[in-house]
Every structure is written in structure tokens, then in C-alpha cells.
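Engineer: Numbering (the numbering used here), first residue to last: 8 to 368.
(1) Using a Cβ cut-off of 9 Å (strictly closer), state whether residue 141 contacts chain C.
(2) At which residue ranges does the segment 99-145 contain complete beta strand (DSSP E) runs of 3 or more residues, listed in the order of the chain?
(3) Using DSSP's beta-bridge definition, name the partner residues of residue 163.
(4) Tell me the residue span of the alpha helix (DSSP H) that contains residue 40.
(5) How is residue 246 classed by DSSP in three states: helix, strand or coil?
(6) Helix, strand or coil for residue 185? Go by DSSP, reduced to three states.
(7) I think residue 10 touches residue 270, with their Cβ atoms under 8 Å apart; what is that distance to the nearest whole Å?
(8) To the nearest angstrom, how far is the alpha carbon of residue 205 from that of residue 81?
(9) Taking residue 54 as part of the beta strand (DSSP E), name the residues at either end of that continuous run.
(10) Pick helix, strand or coil for residue 257, following the three-state DSSP scheme.
(11) So, for residue 67: in the same chain, excluding its five sequence neighbours on each side, which residues have a beta-carbon less than 8 Å away from its beta-carbon?
(12) Per DSSP, what are the beta-bridge partners of residue 153 in this structure?
(13) Pair every Cβ in the segment 15-32 with every Cβ in the segment 178-190, then say whether three or more of these pairs are closer than 8 Å.
(14) Which residues does DSSP pair with residue 83 in a beta bridge?
(15) Please list the terminal residues of the continuous beta strand (DSSP E) segment that includes residue 273.
(16) Please indicate yes or no: does the CB of residue 26 lie closer than 8 Å to some heavy atom of the ligand PLP?
(17) Let's test the definition: count the other Cβ atoms within 10 Å of the Cβ of residue 316 and tell me whether it reaches 16, buried, or not, exposed.
(18) Looking only at DSSP bridge pairs, what is residue 251 linked to?
(19) Which residue comes first and which comes last in the alpha helix (DSSP H) that contains residue 390?
(20) So, residue 163 versus residue 175, is the Cβ gap smaller than 9 Å?
(21) DSSP state of residue 279, grouped into three classes?
(22) Please classify residue 327: does DSSP put it in a helix, a strand, or coil?
(23) So, helix, strand or coil for residue 32, using DSSP?
(24) How long is the line joining the alpha carbons of residue 142 and residue 53, rounded to whole angstroms?
(25) In chain order, what residues of the same chain have a beta carbon less than 6 Å from the beta carbon of residue 283, not counting five sequence neighbours either side?
(26) Given residue 138, which residues of its chain have a CB within under 8 Å of its CB, disregarding the five upstream and five downstream residues?
Spelled out as C-alpha cells, the structure:
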């Protein structure tokens, strides 16, 4: 059975029409996005529309793949900088231009599943300079993807912290969601050493997620671990992916529960893997030799006296009444009312006279 991460990349569910990939300053999610776009292009009868706003198209798809397939539409706007480009547009003109660049290939493309990937929604928000217009455009794209059905989906890449990220992850925007969040491996080693909470199954899932989620949401913690004095810097070779799937399961997309897992990503292993397979985390799974209880020496052996009880002695000890003062009685019937007993000292002034009578007020 494939893992959640492998399914999100290569085998999307038919009702999961929104895939949200989240990067941070400490760890990028671009390798996962590259693999998602690659799998979308390689799937038969699927049209892939790629809008590049941050990274060039060569970061996701090669020229051979674009020339080989007529179902790959690439919109390159990486050279467009508001206020500096010759074709500068603002406000409604820019929104109309983006609609034409994305919606027209999506609407006029051949029938079949449709994948629309945008890198990144933060750059899109910066160009439009309006959260409402950005959300409206993304909502229109999501409606087109849902109308295609099947494995069609809208793939969005965001850089946290982002003002639009909380909107995209709400159930109001999409009741179903697959959310992939990249974390540096240093975060797990920090939790294991500082909080004695390694990832499951080395620690209970409830305990781990209770510690991991609040710390991972404080992005400066990861940045300090990666770029601090003892950090090793961010890399693309190995990292951890938090996979959150909401509303998956049946054909109607109605599922109240949320699945959450941690999986590894290794370039040397060609993508998804288990956490124990990451070289930077293998120390967490190194086990010290443990002596079995049955092989351990009995400390009560070779003594000049006997520490064990015979069955008759154990029964006799069990029949000894315990010296409880209120055994078998409720405390309210035996306890005396609470009271404060005070013996005045010779220096105490307990008269009822006014202590301030000598003041001329």
C-alpha cells in the first residue's frame, strides 16, 4: 500500500482537487513540486498547465517534455516585475491578463483530467496586490478543475508565513485538501534531544504531535536550527514532509477525520522514503543493547536469608487491617469542623478602640 506522500504525488484521489505545498525559509518544497509536475505530465490523457512566477519553467519541466507533448502549457511570467517591466499592468488589467493566460488553456484544452500548477501564490498575491482578487482567481481555477473531475487538481506552492495561506487551507475554500509541508531534519533531532520526543513509533503519536505542531508553526525556531551558529544550512538532499489529508476516502469527499503523517524525502532515494531511511536521522533509531529480563541475574539469589514469602505468609499479610483513621466512613462524618485557634501574645493589642484616634483628621 503506497504511503500518503507517494499517493499525493503519483496517485491522487479522485476527490482531492486541491494540493497545497508549503515551503519555509529553512526548507524548500521545490523538489516535491517538481516531482508532482513531472507525474502530471507523464500521466496519460492529462493536460498540465504550469504558471511560473517565481522559478523558471526549466526548474520543473524540460524542453524535451514540452516539445514531446501537446498537453503541456507553460506560462512563464518570471521576468515580469510590477513597476519595472515594459509590459507592466496593474489592477484589473493584470488580473485580466492572468485570467487569459491561465483560464483559456484550461478551458480550451482537450478533454480529460486537468492539472494547474502555480509557483507561487505569494508572488501572484504580490503582483495583484489584493488578497480578494487573488482568492477569487484561485477559486475560479479550482472550479474549473472540479468540473473536469477524475484526478484533476489545482497545485499551489506557498512560502510560509504567508497572508493567503490560512485562507487556502480553510474548509470554506475547499472541503478536501492535501497539504504537504517541508521541514528540515534538524527539527526532529532537536525535538528528540531537547524535548525527549522522537518521531513515532519511538514515542506515542499524541505526545509527539502535541510537541511538534506548535514548535513547527513557529518558523523562527526552524530558521535558528538551520541557519544558527550550530546549524548546517538548508539543503535539497534530505528533508521531512508533513502530510495532511483532509476529506479523503469515499467518492463524495465526505470525511470528518484528518490524516497526518511524517515521511522523508531523499534525492539519493529518488523521492519519498521512511524517516528511518534518512541518513541525518538514523541516529534516532540506533538502539543500545538491552539485557532481556529473563537473562538478567536474580538479586535475591545466593543470600543468607530468604526475602520471598510463602503462600500462607502472603495470605496472612493480606488479612492485616490497614491503619486508616476513617476506614469505611465518609470524611464528612468523622472530620471535625475546620477552625482557627489562636492564643494571643502579651504584645498583641486586641482592644476595640480606634487605632487612629490620636490623629487629627
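For each residue, glycine too, the CB sits at the ideal point set by N, CA and C.
Structural biologist: Concretely, from the data shown:
(1) No chain C appears in the structure shown, which is made up of a single protein chain.
(2) 121-126
(3) 27, 125
(4) 37-49
(5) strand
(6) strand
(7) 6 Å
(8) 42 Å
(9) 54-59
(10) Note on residue 257: pLDDT 49, under 50, position unreliable in the model; the coordinate value appears next. It is coil, neither helix nor strand.
(11) 40, 41, 44, 45, 57, 59, 124, 126
(12) None, per the DSSP bridge assignment.
(13) yes
(14) 59
(15) 265-273
(16) With respect to small molecules bound, the structure shown includes none, and the ligand PLP cannot be examined in it.
(17) exposed
(18) 186, 267
(19) Since the first and last residues shown for the chain are 8 and 368, residue 390 lies out of range.
(20) yes
(21) strand
(22) coil
(23) coil
(24) 25 Å
(25) 292
(26) 132, 170, 171, 174
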